[in-house]
Amino acid sequence: MANLTDCIEEYLKKLLALSSERYVEVQRRQLAKKFACVPSQINYVLERRFSPDRGYLVESRRGGGGWIRIFRIETSHARPWREVIESLNGREFEPSRIRQLLKRMYEEKIISRRESSLLETVIKDRIYEEKGLSKNKARELQHELLSEALEELLKVNY
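Printed below as a string of structure tokens:
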């Protein structure tokens, strides 16, 4: 018999497959109730089984009326997006590496010229220097803004 984690994963994947949208929206509390488990078990499944490297993006809002949205990234486009996301979450944030990845994503027609230009604006050092931010603080803010922007692009396009 499959374990609880496998059952929750399978259920969510079925919901995604049946959805006419590009995502599925569920409530953590209702899922926990359905599977007779604690909400942290749902969090575990989302973190381990629905990560960007597995081709998913998860957005959530906590609280009484909170929800979880799970987006499936098209597999043909998942590799370049994963590289960008991994480069953001991995080593030190380097705008030059991000520019190269954005260029490649544009060349592979994963993002438009306009989207590439907008994302490059986020990593321009001049903007942060004019505001008097230290290099470390600027990199931290660039990282956060670019991560959020990429997630929004993934949700809209895939």
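In terms of the numbering used here, the sequence shown is numbered consecutively and its last residue is 176.
We put the beta carbon where it would ideally sit given N, CA and C, even for glycine.
All values derive from a computational prediction rather than experimental measurement.
Spatial neighbours of residue i in its chain, beta-carbon cut-off 8 Å, leaving aside the 5 residues before and after
i    : result
R131 : Y124
Cβ-based neighbour list, residue i, same chain, cut-off 7 Å, excluding 5 preceding and 5 following
i   : result
M19 : Low local confidence applies: a pLDDT of 47 at M19 is under 50, so the model's placement there is unreliable, with the coordinate-based value given in what follows. Taken in chain order, the list of residues that qualify is empty.
C55 : L22
E27 : V63, R67
Identity of the residue in the options nearest residue i by Cα
i    : options              : result
P57  : I86, V42, L34        : I86
S15  : R90, E138, E39, S37  : No answer is possible for residue 15: it lies beyond the span of the chain, which begins at 19 and ends at 176.
S114 : R72, S78, H161, L171 : H161
E43  : Y62, S78, Y74, Q59   : S78
Contacts around residue i, its chain only, beta-carbon distance under 6 Å, and the 5 residues preceding and following it disregarded
i    : result
I129 : M123
Boundaries (first-last residue) of the beta strand (DSSP E) holding residue i
i    : result
E43  : 41–44
L151 : Unbroken run through L151: none, as it is neither H nor E.
Proximity below 8 Å, CB of residue i to CB of residue j
i    : j    : result
S134 : L120 : yes
Opening and closing residue of the alpha helix (DSSP H) in which residue i lies
i    : result
S134 : 131–140
Count the C-beta pairs between the region 156–173 and the region 137–144 that are closer than 8 Å, then say yes if the count reaches three, no if not. yes
Are there three or more Cβ pairs, one per stretch, closer than 8 Å when the region 45–55 is compared with the region 66–75? no
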